[in-house]
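Read the structure below first, then the notes.
Number of protein chains: 2
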Amino acid sequence: MQKTTTANPTARQTDLTEIFDTIEYSDAYRITYLANSIVFPTYAAIKRDFGLVRAEYILLACLSHYDELTARDVAQISMRPRNTISRAVHRMVAEQLIERRHNRVDKREASLTITKKGQRLHKRIAAYLTQRQEDVFAGLNVQERQELSKLLRKTALHTAALNQ
Amino acid sequence: MQKTTTANPTARQTDLTEIFDTIEYSDAYRITYLANSIVFPTYAAIKRDFGLVRAEYILLACLSHYDELTARDVAQISMRPRNTISRAVHRMVAEQLIERRHNRVDKREASLTITKKGQRLHKRIAAYLTQRQEDVFAGLNVQERQELSKLLRKTALHTAALNQ
DNA sequence: TCAATATTGTTCCAAATGGAACAATAAATT
DNA sequence: AATTTATTGTTCCATTTGGAACAATATTGA
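For the record, the sequence lines run as chains A and B.
1 is the number of the first residue of the first sequence in our numbering; add one for each residue after it.
165 is the number of the first residue of the second sequence in our numbering; add one for each residue after it.
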């Protein structure tokens with residue numbers, strides 16, 4: 001709970017980073033803040049430059065790292081509702097960024113794969129995210145960065161099990 | 165790039181966590197995954213139980229930790245567009261969760277404060293987020309958790325400066 | 001075997017969202 | 001002082017979003 005002032009409006013009186021320490025769920029807050037800092041500007045740039053909405057580049061990213069996935073898999077990996085993935089699939093099949101092939105065994109599902117064109121696009125998009133990632137983590141030295149990586153990995157694996 | 169199969173549809177063949185390691189921007193990815201894991205289920209619960217949308221509880225959280233802020237401050241802290249904050253302000257003033265007082269010096273802006281009622285609501289919401297935070301970080305031991313906290317804090321502060 | 005239940009992916013619809021243009025005010029520049 | 005530029009907060013509008021109901025298929029269990 002910090003003093004702010006409107007008495008002297010010329011100077012920025014309030015330290016807008018205090019909440020990092022004072023909020024009850026400070027780790028969750030910091031994580032979310034960092035995620036937003038990475039994702040929001042990059043998302044806007046991807047939309048502007050490539051015309052993809054979030055569910056679409058998520059789909060592209062997932063398919064870039066697995067030989068094939070079902071829409072259900074993608075929804076689970078990304079924690080997005082199935083209908084947004086479904087929409088993304090249709091638009092991206094139309095754009096020939098991915099391919100869909102009905103499963104002969106289980107006729108409900110279809111397996112999705114990325115095309116060459118899709119892979120090329122993913123590479124360009126990944127460069128945006130990688131760049132922003134480096135900017136965000138530039139405040140850490142090499143050991144710190146490694147340690148953070150390790151801890152995030154462990155936490156993410158634990159959480160994935162939790163989300164199951 | 166991992167083998168999956170649709171040949172034997174009964175067993176889950178694909179390890180959906182592999183992407184944590186194989187993706188180009190793995191730190192950014194892990195951070196985002198964790199943020200989503202914390203925020204999505206909690207957000208849904210907050211909406212269900214209290215009827216608040218995201219911009220609204222963000223506003224509440226910000227005002228819980230500063231004596232007063234302008235809408236602009238909140239937009240900056242939360243990295244949300246100004247119009248979503250504006251909407252949230254109006255609804256929450258109507259609900260008497262926050263108060264708005266026009267600034268005499270700079271007539272464009274208004275200073276926002278949280279009410280007692282707003283504070284009580286924030287406490288209840290914070291409990292949801294805190295609980296989820298604990299679940300997500302339960303995979304770490306005490307030292308690891310402390311170390312992660314420290315690294316996240318440093319990175320968040322660096323990023324806040326970057327976002328300025 | 002047949003009914004009941006679960007799962008996958010889709011469509012529909014109402015709500016949330018964010019960019020852009022705007023009015024009001026303030027600050028900077030001439 | 002007058003003009004130009006910047007800032008704050010708002011409204012408008014088109015798009016994105018996600019819950020819920022649904023059809024098709026698969027699985028479970030009586």
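Quick reminder that beta carbons are idealized off the backbone N, C-alpha and C, glycines included.
These numbers come from a predicted model, not from an experiment.
- Using a CB distance cut-off of 8 Å, G282/B does not count as an interface residue toward chain A.
- Scanning its chain for C-beta atoms nearer than 7 Å, with the 5 sequence neighbours on each side dropped, one finds around L148/A the residues L140, in chain order.
- Residue state for T234/B is assigned as coil, using DSSP reduced to three classes.
- Between L129/A and A192/B, the C-beta spacing is below 8 Å.
- The beta-bridge partner set that DSSP reports for T277/B consists of E263/B.
- The beta carbon of I46/A lies closer than 8 Å to those of L52, Y57, I125, Y128 in the same chain, with the five residues before and after it left out.
- K271/B and T234/B have their C-alpha atoms roughly 12 Å apart.
- The Cβ atoms of A138/A and H322/B sit closer than 8 Å to each other.
- From the beta-carbon of R153/A, the residues of chain B found nearer than 7 Å are F184, R194.
- In chain order, A55 place their CB closer than 8 Å to the CB of R87/A, counting only its own chain and leaving out the 5 sequence neighbours on each side.
- In this structure Q297/B is buried. Its beta-carbon is surrounded by 16 or more other beta-carbon atoms within 10 angstroms.
- Assignment of Y57/A by DSSP, reduced to helix, strand and coil, places it in the helix class.
- Residue-level contact check: D237/B touches chain A, since one or more beta carbons of chain A fall below 8 Å from its beta carbon.
- Classified as buried, V39/A has 16 or more neighbouring CB atoms from the shown chains inside 10 Å of its CB.
- Against chain B, the CB of V53/A has no partner CB under 8 Å away; the residue lies outside that interface.
- In terms of beta-carbon proximity, R246/B stays away from the interface with chain A, with every pair separated by 8 Å or more.
- Here DSSP, grouped into helix, strand and coil, assigns I38/A to helix.
- Taking T248/B as the centre and dropping the five residues before and after it, the same chain places the C-beta of A219 closer than 6 Å to its C-beta, in chain order.
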